Structures are given as C-alpha cells and as structure tokens.
Amino acid sequence: MAILSYLEASKAALAEEMQRDDTVWALGEDLGRGGVFGQYAGLADQFGAQRIVDAPISEAAIMGTAVGAAMTGTRPVVEMRFSDFALCAIDELVNQAAKARYMFGGQTRVPLVVREPVGMWRSSAAQHSQSLESWYT
Numbered sequence: 015m016a017i018l019s020y021l022e023a024s025k026a027a028l029a030e031e032m033q034r035d036d037t038v039w040a041l042g043e044d045l046g047r048g049g050v051f052g053q054y055a056g057l058a059d060q061f062g063a064q065r066i067v068d069a070p071i072s073e074a075a076i077m078g079t080a081v082g083a084a085m086t087g088t089r090p091v092v093e094m095r096f097s098d099f100a101l102c103a104i105d106e107l108v109n110q111a112a113k114a115r116y117m118f119g120g121q122t123r124v125p126l127v128v129r130e131p132v133g134m135w136r137s138s139a140a141q142h143s144q145s146l147e148s149w150y151t
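Under this note's numbering, the letters of the sequence shown match residues 15 to 151, in that order.
Here it is as structure tokens:
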C-alpha cells in the first residue's frame, strides 16, 4: 500500500470518483490552476474545464450554483478556499441544501460535497485560520 499525504489521498479519491461517475465535478476558486494548495493539480488537464470549474470570488455564488446543480442530478464537489469564507455561503448550505428535501416533499436530493481547509498554519491571519468543522457535525 502506498503512503500518501492527505492532499495526495484526497486528490486521488476525487479523481477516482470522477472516473467512476461522470456526474461528479468540482467548483471553486483557481481549481484549473491546481487550487490554492495544489490539491487539484493536473485534474483540469485530465477531466477538462467542464468538470474542474474555476469560479469567481463569490462563495455564495459557488455554493448556490453547486446546490442548484446537485438538485438537477449532478454531484458537485465545492472547494472553499478557506473554512472562514464558507460563512459567506452558509445560507445556501443551511437554508437551501439542508432543507431542500423537506421543502420539496422528498422529491429532490442534494448530493453535495463541501471541502474546506481548516485550522491553517503560521502566518495565516485571523481570516484564514478558523477551525469550523464542528459547525457541520
């Protein structure tokens, strides 16, 4: 068994799922260039810009787009640049994605994965280093 870093393992897992299921795609800032930490490096070349989608700097738009796309049958993977910025998209996640099944009488699902780097390292400053994972459990 190969020894992989967390970054390598998560990238390999995403690539495996994208090969297995053509409805899986990723959306976030700078993903076409490999992502802020290189976690998407090479995936745009492998899967194309239709499935590794660069988004403008608008977390609410990123999450809202992914929620709507998930409701139509795709399986988006949202990459928030830092956990702190996901709070800008919390309405789309908490009031839309989490409640859609109930608002539409069980007729829709929202198969969505949200990835957020948390608790960054030195010199990350106040707005790039929160650990908000407990909000989701």
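Every residue gets a Cβ at the ideal spot worked out from N, C-alpha and C, and that includes glycine.
For clarity, every value in this text was computed on a predicted model and none was experimentally measured.
- Look at residue 46 here: in three-state DSSP terms it is helix.
- Exclusion of the five residues before and after residue 24 leaves 53, 129 as the residues of its chain whose Cβ lies within less than 8 Å of its Cβ.
- Look at residue 105 here: in three-state DSSP terms it is helix.
- The Cβ atoms of residue 127 and residue 81 lie no closer than 9 Å to each other.
- As the crow flies, the alpha-carbon of residue 48 is around 13 Å from that of residue 69.
- Between the region 61-79 and the region 92-109 there are three or more C-beta pairs closer than 8 Å, enough to call the two in contact.
- Under the criterion of beta carbons closer than 8 Å, residue 147 and residue 103 do not qualify as touching, at roughly 16 Å.
- In terms of CA proximity to residue 50, 71 leads the group 87, 60, 63, 71.
- Here residue 93 carries a strand assignment [DSSP, helix/strand/coil].
- With at least 16 other beta carbons inside 10 angstroms of its own, residue 144 counts as buried.
- Around the beta carbon of residue 57, 16 or more other beta carbons lie within 10 angstroms, which makes this residue buried.
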